[in-house]
């Protein structure tokens, strides 16, 4: 069935939020400049990105901006020589930024460490020299299985500095999940830790590594182990090295490897929520240019900013928005080790207050979790340093947007819902801080980026109707492959020939704003109508009793499929009985969505099952 014949967005958010005059007056780009930039980028996209590249430092310039070929074959800045670590560190220590804070880290127990650009450069050089001494060479893969520690940042930049490819795996994964990824990328060496602190507990990270290496048949892979918790761990003689003992004797200067723009920078595995995890490949040159330009634009980056992305470094948000983006921009980045609610639900807000965070970037799941504890926790903290709030990872529903806007930003901060992926590397679709915002929408593609909504055959859909999100034109930070899986890589560009198929459902409204409705495999077919689970979830969460909700499809003998909702109630909600509340919620959803909203049941839960990246595990709910 063609999506233009279906009804996939039944909830109409009609608010339009104008940019704040005070913010606009101080913004790097004013509304008129944004319009001019869009026009120039659309008229000459290659010229636009070449201008962006010239803002960075290169050892040799490019032969051309973009190579020829099919979209998946095209490469950015071929022939150019660069190094992203050089641009993130060395470029700054020749300027007054040398003594500026680059990294602020806080551990869950409350310990802190801070590094200026000069100090961060020295730490990275020491580790780079140690890696070279252990035999790591340009093109080798270095596995990183670290918690959110400063050494995670050191490891990524040290690998980039010597031309090694870092393959960062989220440290909360099991031995089986780590084994899958190590077996795929076959690292020359692995950097890990004895353990970490999470929600008041000590997690034994090194034990997970030992079991994963045993399963992978990689028991001889050398390990560099950061001593974080002091836990008693097995250290294999001749293979395992304590981090501090290894780097203590190394020089604090290290040469930079000259990289071709399309030499790989990192492998990063997709979450594997719907298939076998795939190692997405990103390269030095294009990723550097795309991240640097779009980070500046989306976050209106200022030299005085204290930027905090709450994501773990093991995800693309951590790579781009905790490490490379802020450091390329020459700003200060914050890294926190522990659970957002430990020891109290105001932990994140106290971090904002203590360090004067000016830009806060998180996920809707994290924000909704904090919402459940009520407004009193953010009210205890002084959040006046905040000037911009943003979200990524899944659609930001209007209710959560409103809570951020009112409770956290005190109605004086832009609230931006950004869309991008592991595969895109950089920010792709987002309001700019001086844009008109529609809560629930990711607005328009950024300057130099193209986005469209099409039907299953790649044809256009009418404004207001649902379809599939595609990227019709190459962008600098686009992935250049998937490790060992060319077929999967090509499939991303062949589902809709000549365009990158994002796998998300979306619609374009009458103003050209994009509304992302969730993954295309999260669609229910009810009585011949395709309805995104996000539509049901927005309807449920608009009720005051609902804190979190997930909707899945269940078979129905008449309609083919109906929706079942799993609901986590707000902690302060009182009701006479679950049955009466269930009826109330069903009536509310029907009022919001109309008679097509066929919900067969509402199941109340204490919590929802989630992946390590915070995404709801719908497969687990379907089995209930």
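In full-length UniProt numbering, the protein residues as written are 1 to 624.
Where is the CB? At the ideal position from N, CA and C, for every residue including glycine.
Beta-ladder partner(s) of residue i, from DSSP
i           : result
residue 280 : 268, 482
residue 259 : 82
residue 564 : 552, 601
residue 112 : 106
residue 460 : 454
residue 192 : 145, 225
residue 332 : 306
residue 618 : Looking at the DSSP assignment, residue 618 forms no beta bridge with any residue, so it has no partner.
Beta-carbon spacing of residue i, residue j below 7 angstroms
i           : j           : result
residue 197 : residue 338 : yes
residue 106 : residue 361 : no
residue 295 : residue 166 : no
residue 87  : residue 55  : no
residue 93  : residue 121 : yes
residue 367 : residue 400 : yes
residue 472 : residue 289 : no
residue 614 : residue 363 : yes
residue 38  : residue 431 : no
residue 479 : residue 281 : yes
residue 223 : residue 187 : no
residue 331 : residue 358 : no
residue 631 : residue 231 : No answer is possible for residue 631: the residues shown for the chain start at 1 and end at 624.
residue 377 : residue 345 : yes
residue 675 : residue 389 : Any property of residue 675 remains undetermined from this structure, which presents the chain solely from 1 to 624.
residue 540 : residue 621 : no
residue 250 : residue 162 : no
residue 434 : residue 27  : yes
residue 381 : residue 353 : yes
residue 306 : residue 355 : yes
Residue-chain proximity (residue i, chain C), Cβ-Cβ < 7 angstroms
i           : result
residue 565 : Absent here is chain C; the protein component of the structure consists of one chain.
Pairwise C-alpha distance: residue j and residue i
i           : j           : result
residue 172 : residue 342 : 17 angstroms
residue 602 : residue 438 : 30 angstroms
residue 604 : residue 310 : 29 angstroms
residue 611 : residue 617 : 6 angstroms
residue 78  : residue 460 : 33 angstroms
residue 442 : residue 516 : 7 angstroms
residue 509 : residue 408 : 28 angstroms
residue 608 : residue 599 : 18 angstroms
residue 467 : residue 428 : 18 angstroms
residue 398 : residue 143 : 39 angstroms
residue 65  : residue 287 : 14 angstroms
residue 214 : residue 242 : 20 angstroms
residue 570 : residue 419 : 28 angstroms
residue 283 : residue 179 : 24 angstroms
residue 126 : residue 157 : 11 angstroms
residue 393 : residue 421 : 8 angstroms
residue 48  : residue 293 : 10 angstroms
residue 204 : residue 152 : 17 angstroms
residue 675 : residue 206 : The chain is shown from 1 up to 624; residue 675 falls before or after that span and cannot be answered.
Neighbour-count burial assignment, residue i, 16 or more Cβ in a 10 Å radius
i           : result
residue 520 : buried
residue 18  : exposed
residue 148 : buried
residue 285 : buried
residue 412 : exposed
residue 543 : buried
residue 384 : exposed
residue 481 : buried
residue 415 : buried
residue 278 : buried
residue 484 : exposed
residue 499 : buried
For residue i, three-class secondary structure by DSSP
i           : result
residue 15  : coil
residue 225 : strand
residue 417 : strand
residue 403 : helix
residue 64  : coil
residue 58  : coil
residue 285 : helix
residue 348 : helix
residue 470 : strand
residue 624 : coil
residue 144 : strand
residue 320 : helix
residue 579 : helix
residue 504 : strand
residue 491 : helix
residue 430 : coil
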